[in-house]
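Asks:
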Amino acid sequence: MPYVIKHKQTSELYTCTMVNGYRLPYYGTKNWEYVEDAEADYAQFLVAQGEAELEEWELLELSENQLKMCNVKLKNDPKFKLHWDEVKQSGIASISPLIS
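For the sequence shown, the tail end lands on 739 under our numbering, and the numbers increase by one without skipping.
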């Protein structure tokens, strides 16, 4: 099961540009396949991305299908932000008002 990073207050899932297995860049939900890897790496990853408020983030376990749907909703477009809906157990994508 994949693990993603979720902001505790806003429920925003951390998204960024990554490189897939074919070495092609894409915009998607940052994830780790194993909880041990996620726990060991996510704080360091956030620091490297310039995130100062580490205590504001936590790990969230998703199914493979939930992660795939999150990435589909992002449309490979960094203008989109992704938030986790606890009730529907799915990601909700919206255009960020901060990006033009």
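Every residue gets a Cβ at the ideal spot worked out from N, C-alpha and C, and that includes glycine.
Just so it is clear, the structure is predicted and the values come from calculations on it, not from any experiment.
Which of the three DSSP states is assigned to residue 643 in this structure?
Replies: The answer is strand: DSSP assigns residue 643 an E or B state.
Asks: Residues in its own chain within less than 8 Å of residue 712 by CB, not counting five upstream and five downstream?
Replies: Only 719, 721, 730, 731, 732 meet the Cβ criterion.
Asks: Assess contact between the region 660–673 and the region 690–697, defined as three or more Cβ pairs (one per stretch) separated by less than 8 Å. Is contact present?
Replies: No, they do not touch.
Asks: By Cβ distance, which residues of its chain are closer than 7 Å to residue 700, with the 5 residues on each side in sequence left out?
Replies: Closer than 7 Å at Cβ, skipping near neighbours: 640, 642.
Asks: Quick one, which of 669, 655, 677 has its alpha-carbon nearest residue 716's?
Replies: The option with the nearest alpha carbon to residue 716 is 655.
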